[in-house]
Amino acid sequence: MIVQNFGYHTHSTHSDGKNTLKEMIEQAIRLGWNEIGFSDHLIVHKDIKTSPSWKVLKKYYGAHIYRDNFTEAKKAFKAYKDEIKYLRTQYPIKIYIGAEVDYFTYNGWLDEFLDFRHELNLDYYVSGNHFLFDDDGRLIDPALLNEIAPDTNEQKKIISRHFATIGEAAKSGLFDFIAHIDYMRRVNICTPEAFYTDKMKLIETLSVTNTPVEINTKGILKFGEAFPCCWMLEEMKKHHIPVVISDDSHNISRIGENFAFVEKLLQEMNYINRWKLNRE
Ligand SMILES: [Zn+2]
Ligand SMILES: [Zn+2]
102 MIVQNFGYHT
112 HSTHSDGKNT
122 LKEMIEQAIR
132 LGWNEIGFSD
142 HLIVHKDIKT
152 SPSWKVLKKY
162 YGAHIYRDNF
172 TEAKKAFKAY
182 KDEIKYLRTQ
192 YPIKIYIGAE
202 VDYFTYNGWL
212 DEFLDFRHEL
222 NLDYYVSGNH
232 FLFDDDGRLI
242 DPALLNEIAP
252 DTNEQKKIIS
262 RHFATIGEAA
272 KSGLFDFIAH
282 IDYMRRVNIC
292 TPEAFYTDKM
302 KLIETLSVTN
312 TPVEINTKGI
322 LKFGEAFPCC
332 WMLEEMKKHH
342 IPVVISDDSH
352 NISRIGENFA
362 FVEKLLQEMN
372 YINRWKLNRE
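Laid out in structure tokens, this is it:
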């Protein structure tokens, strides 16, 4: 069995990763990878610092990965890009420069993101939504959903909106692939079986837009299944959606984690529609 020996969902100390770009690259080489892509977080929301979740975000993930303006983000990503460009000259492995982007829908965000893309011109972009929004578009960290919106019907509405937002990101055509499409499994009511209609609608959108989706191995340790869960993966196969395995590694010990496990699963399913970056 040939196991995928590359990955494009990787974090470094430029966002919330624990290891430097250099350390991550050296580990990938040790593992025999021939490509690695970095996807440090691009999380820019104009009201993030006044959101009801800010205190928690700051405490658990570190304030530096969140920004309330694209000017700061551009500056940080320029430094990130320059460092990767230099490292490219130092190692015998193909290195891509990307970003994992939280897709926001408030007025003005998209224009600013387009401007960021134009200026930074990174190799690729991953859509990875980590937040929920209330009716006023304010950010909710999933860990705070029960506290901020205790009413179950309200929670259902918020989670449906989340799946619709991922669909919007796919429709924008701005992303090379979509990360952890059922990441919201971390919320009590969002079990693998729940939100069937919303999830199917998302899968239809991914199929129509021919958007690749990752199989994120990070879910395996926590939930026993990757993101997405098995039935969604079956549906994705039926819908001819291309897939790529990701580890979403935030430190060197996680690079390539459970790739063989997922590879075996894909083989058993006869899931042959695989995606790979193809950039010079
Ligand atoms: Zn993510
Ligand atoms: Zn990630």
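In terms of the numbering used here, the sequence shown has 283 at position 182, counting the first letter as 1, and numbering is strictly consecutive. From the three backbone atoms N, C-alpha and C, an ideal C-beta is built for every residue, glycine too.
Query, Result
"To which residues of the same chain is L129 closer than 7 Å at the C-beta, ignoring the five residues directly before and after it?", "Going by the sequence as given, residue 129 is Ala instead of Leu. Excluding positions up to five away in sequence, the list reads I137, I194, I356."
"Looking at the secondary structure, which residues open and close the alpha helix (DSSP H) in which F178 lies?", "171-189"
"If F171 and E213 are in contact, beta carbons under 8 Å, what's the gap, nearest whole angstrom?", "5 Å"
"Just checking my contact of D277 with P313 at CB under 8 Å: how many whole Å lie between their CB atoms?", "7 Å"
"Taking the beta strand (DSSP E) that D317 belongs to, which residues open and close that run?", "Checking the sequence shown, residue 317 turns out to be Asn, not Asp. N317 -> beta strand (DSSP E) spans 314-317."
"Can you tell me the Cα-Cα spacing of S308 and I321, whole angstroms?", "24 Å"
"Write down the C-beta distance between H281 and N317 rounded to the nearest angstrom, noting that I regard them as a contact closer than 8 Å.", "5 Å"
"According to DSSP, which residues form a beta bridge with A200?", "D141, Y226"
"Pair every Cβ in the stretch 106-116 with every Cβ in the stretch 350-370, then say whether three or more of these pairs are closer than 8 Å.", "yes"
"Do I126 and L223 have their C-beta atoms within less than 8 Å of each other?", "no"
"Are the CB atoms of M102 and K323 within a distance shorter than 8 Å?", "no"
"Between I241 and the rest of its own chain, which residues show a CB-CB distance below 8 Å, the 5 nearest in sequence each way excluded?", "S152, P153, S154, F232, L233, F234, D235, I249, A250, I259"
"Are the beta-carbon atoms belonging to N352 and G118 less than 8 Å from one another?", "yes"
"P343 and W376 - do their beta-carbons sit closer together than 8 Å?", "yes"
"What is the rounded straight-line gap between the Cα of L367 and the Cα of S261?", "28 Å"
"Which residues have a Cβ closer than 5 Å to any heavy atom of ligand 2, listed in chain order?", "E201, D349"
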